[in-house]
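Peer 1: Take a look at this one; I'll ask things after.
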Amino acid sequence: MTAPYRYKIYKIAKRNSDKKRTIAHPSKELKFIQREITEYLTDKLPVHECAFAYKKGSSIKTNAQVHLHTKYLLKMDFE
C-alpha cells in the first residue's frame with residue numbers, strides 16, 4: 001500500500017471561522033497498525049501522572065473535568 005492510499009484527505013469547516021481544517025483519515029489497515037503500535041508502546045513506557053492521553057479509561061471528558069473550574073484556558077492549534 002503506497003502513501004497516497006493510506007489516508008483519505010478531506011476538509012471540514014472550522015467551528016468559529018470561515019477557514020477549513022484538513023483531516024487525514026487513515027485506512028482501516030493503517031489504523032490497525034497504529035493501534036497495535038500504541039498498545040505495545042503504552043505497555044512498555046510510563047505515562048506521566050498529569051497526562052490523560054494513552055491512559056485506559058481516560059477520555060476527553062476526563063481531561064476537560066480537570067480544567068472545569070480554572071480561571072484561564074489556553075486553546076491552540078498547531079500548523
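Using full-length UniProt numbering, read the sequence shown as starting at 1 and increasing by one per residue. Idealized CB from N, CA, C, for every residue including glycine.
#1: DSSP beta-bridge partners for residue 23?
#2: Residue 47 to residue 64, Cα distance in whole Å?
#3: Residue 25 and residue 11: beta carbons closer than 9 angstroms?
#4: Output the boundary residues of the alpha helix (DSSP H) element that contains residue 63.
#5: Taking DSSP as the reference, what is the three-state secondary structure of residue 83?
Peer 2: So, to answer that:
#1: Assignment of beta-bridge partners to residue 23 by DSSP yields 10.
#2: Rounded to the nearest whole angstrom, the CA to CA distance from residue 47 to residue 64 is 18 angstroms.
#3: For residue 25 and residue 11, no; Cβs fall outside 9 angstroms.
#4: 60 to 66 is the extent of the alpha helix (DSSP H) around residue 63.
#5: Outside the displayed span of the chain (1 to 79) sits residue 83, for which this structure offers no information.
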